[in-house]
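In this text, residue positions in the sequence shown follow the working numbering: the first is 29, and each later residue adds one. Reading through the structure tokens given below for one structure.
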Amino acid sequence: MQKYLQFSYIFIYTLISIVLLSLYGCKDVKNASLNKDKPSKDYIYGEGSGVNFDLAKQYALQDLATNLQVSIRYSTQQNIAQHNNTLQTSGISNTLLESKIKDIPSVEVEKTTKKDNRVNVRVRVSKEVLEGSIRNRIIHAQNDLQTILQTCNQVSFSQYKKFKTKLSGLKEDIALYQALTKNMSYGNAMILDFQNMISTYPSYALHWELNGLYNYQNDIQAIITTELSKFIKINPQAKQTLYIKANNDNPLQFLLQFYDCKNNLENAIQINTHASKNDMLQGSKKSRLGAIIYKALNDMY
């Protein structure tokens with residue numbers, strides 16, 4: 029048994045050695061074919077090897093993203109997040125970097141070689157061009173966010189999700205730009221200003237018109253208010269107003285109209301319960317009304 033185990037260990041170590049040597053050999057082929065010339069410090073590079081050009085280029089782009097990620101890590105740069113009015117950090121993922129690099133048209137294939145039925149590709153992007161492309165995206169996103177705020181200097185219900193998504197992309201680009209330029213304060217104040225705009229849900233004062241539903245008004249208001257609080261902040265002093273109207277009772281229907289600070293109609297939601305008021309507001313069926321209201325709001329959100 030001891031001889032058998034000894035033989036097994038020898039066999040395993042031999043197999044591992046063969047695999048490592050073969051991998052090392054592939055790496056040497058790649059280095060020998062691509063790294064004869066000295067890379068320029070003005071560029072960021074990536075290398076990839078595959079059975080065809082497209083696959084090799086894909087790996088090269090991944091390598092470029094990895095090299096950029098390493099540069100960012102050693103620049104101590106990380107994504108910006110706002111929490112309790114302070115800046116906190118979270119790492120930039122390699123997948124995010126790869127996707128952002130792919131969006132930049134100036135990534136070029138610098139060199140292609142072929143050896144032993146494998147294609148080797150080296151891609152590069154100018155640091156200056158990369159910085160310029162990221163900066164242009166930042167300016168464009170900043171303008172989009174300011175446009176959303178220009179009417180009332182606050183985010184509306186219908187624009188909240190769009191604003192939040194656009195701000196997330198802006199934070200990613202600013203984090204990347206800071207790393208490239210080593211200017212760690214760039215954009216921080218701007219991000220905090222925008223983040224403060226969505227630190228709470230959009231504020232609305234409620235105006236009820238529940239004509240013909242006198243016996244059910246308290247129940248209806250309680251149910252609708254509960255669902256609304258999942259999407260907006262209810263504030264009687266808010267400059268934006270949400271009108272809630274019951275425009276039919278058989279079937280029970282509601283019209284929700286959102287008005288901005290200048291009394292301009294932003295959007296409206298028509299809700300049809302497909303049931304009479306007596307049916308919808310009896311006992312356990314009240315929870316069904318809440319589910320209908322929530323779905324209508326979430327679909328618009």
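Cβ atoms here follow ideal geometry from the backbone N, Cα and C, with glycine treated the same way.
(message) Excluding the 5 residues flanking Glu159 on each side, which residues of the same chain have their C-beta closer than 8 Å to its C-beta?
(response) Counting from one through the sequence shown, the residue named residue 159 turns up at place 131. For Glu159, where only same-chain residues beyond five positions count, the Cβ hits under 8 Å are Tyr205, Leu208 and Thr209.
(request) Out of Asn276, Asn148 and Thr269, point me to the one whose CA is closest to Lys290's CA. (result) Working through the sequence shown from its first residue, we reach residue 290 at position 262. Ranking the options by Cα distance to Lys290, first place goes to Thr269.
(request) Could you tell me which residues DSSP pairs with Ile146 in its beta bridges? (result) Here residue 146 is taken as the residue at index 118 of the sequence shown, counted from 1. A quick correction: the sequence has Arg, not Ile, at residue 146. DSSP output for Arg146 lists Lys143 as bridge partner(s).
(message) With H, G and I counted as helix, E and B as strand and the rest as coil, what does DSSP make of Asn171?
(response) Within the sequence shown, numbered from 1, the residue matching residue 171 stands at position 143. Looking at Asn171 - three-state DSSP - the assignment turns out to be helix.
(request) Would you please state the rounded distance, in angstroms, between the beta carbons of Asp201 and Ile166? I believe it to be under 8 Å. (result) Taking the sequence shown and counting its residues from 1, the one referred to as residue 201 is at position 173. Taking the sequence shown and counting its residues from 1, the one referred to as residue 166 is at position 138. Right, the Cβ-Cβ distance comes to about 5 Å (below 8 Å), so this counts as a contact.
(message) On the criterion of 16 or more Cβ atoms from any shown chain inside 10 Å, does Ser178 qualify as buried, or is it exposed?
(response) Reading the sequence shown from its first residue, position 150 is the one you call residue 178. Before going on, a small fix: residue 178 reads as Gln here, not Ser. Gln178 is exposed by the Cβ-count criterion.
(message) Please give the ranges of any beta strand (DSSP E) in the region 226 to 283, keeping only runs that are unbroken, at least 3 residues long and fully inside the region.
(response) 231 to 237 and 269 to 277
(message) Considering only the alpha carbon of each residue, which of Leu293, Thr254 and Asn239 lies closest to Asn275?
(response) As a first step, residue 275 is located in the sequence shown; it is residue number 247 there, counting from the start. Comparing Cα positions, the closest option is Asn239.
(request) Report buried or exposed for Ala84, applying the criterion of at least 16 other Cβ atoms within 10 angstroms of its Cβ. (result) As a working note, residue 84 is residue 56 in the sequence shown. Buried, since its Cβ has 16 or more Cβ neighbours within 10 Å.
(message) Within a Cβ cutoff of 7 Å, which residues of the same chain sit near Ile252, ignoring the five residues on either side of it in sequence?
(response) The count along the sequence shown starts at 1 and reaches residue 252 at position 224. Around Ile252: Ile272 and Ile321.
(message) So if DSSP puts Phe286 in a beta bridge, which residue, or which two residues, is it bridged to?
(response) Sequence index remark: in the sequence shown, residue 286 carries index 258 (1-based). According to DSSP, Phe286 bridges with Leu270 and Asn295.
(message) In this structure, how does DSSP classify Asn95 when only helix, strand and coil are distinguished?
(response) Along the sequence shown, one-based indexing puts residue 95 at 67. Asn95: helix per DSSP, three-state reduction.
(message) Three or more C-beta pairs under 8 Å: does that hold for the region 209 to 218 against the region 279 to 294?
(response) no
(message) Rounded to the nearest angstrom, what separates Asn95 and Lys261 at their Cα positions?
(response) Residue numbering aside, residue 95 sits at position 67 when the sequence shown is read from its first letter. Residue numbering aside, residue 261 sits at position 233 when the sequence shown is read from its first letter. Using only the alpha carbons, I get a separation of about 44 Å.
(request) Let me know if Val135 comes out buried or exposed under the rule of 16 or more other beta-carbons within 10 Å of its beta-carbon. (result) Along the sequence shown, read from residue 1 onward, the residue named residue 135 stands at position 107. Burial call: buried.
(request) Would you identify the three-state DSSP class for Gly311, choosing helix, strand or coil? (result) Stepping through the sequence shown from its first residue, residue 311 is reached at position 283. Residue state, collapsed to three classes: helix.
(message) Using DSSP's beta-bridge definition, name the partner residues of Gly78.
(response) By one-based count along the sequence shown, residue 78 stands at place 50. Answer is Val147.
(request) Mind checking which residues open and close the alpha helix (DSSP H) that includes Asp70? (result) Locating residue 70 in the sequence shown gives position 42, where the first residue counts as 1. That residue, Asp70, is in no alpha helix (DSSP H); it is neither H nor E in DSSP.
(message) Am I right that Ala266 and Ala233 are in contact with their C-beta atoms under 8 Å? What's the rounded C-beta distance?
(response) As a working mapping, residue 266 is identified with position 238 in the sequence shown. As a working mapping, residue 233 is identified with position 205 in the sequence shown. Right, the Cβ-Cβ distance comes to about 5 Å (below 8 Å), so this counts as a contact.
(message) Considering just the uninterrupted stretch of the alpha helix (DSSP H) at Gln206, what are its terminal residues?
(response) Residue mapping note: residue 206 aligns to position 178 of the sequence shown, counting from 1. Per DSSP, Gln206 belongs to the alpha helix (DSSP H) from Tyr188 to Thr209.
(request) Please confirm if the region 190 to 201 is in contact with the region 241 to 260, defined as three or more CB-CB distances below 8 Å between the two stretches. (result) no
(message) Distance check for Asn278 and Ala303, CA to CA, integer angstroms please.
(response) If you number the sequence shown from 1, residue 303 lands on position 275. If you number the sequence shown from 1, residue 278 lands on position 250. One C-alpha to the other measures close to 7 Å.
(request) Please name the residue, chosen from Lys258, Glu237 and Phe259, that lies closest to Gln249 on a Cα-to-Cα basis. (result) Position 221 of the sequence shown, counted from the first residue, corresponds to residue 249. Nearest option by C-alpha distance: Glu237.
(request) Determine the burial state of Gln187: buried for a count of at least 16 other Cβ atoms within 10 Å of its Cβ, exposed for fewer. (result) As a first step, residue 187 must be located in the sequence shown, where it is residue number 159. The residue in question, Gln187, is buried, as its Cβ has 16 or more Cβ neighbours within 10 Å.
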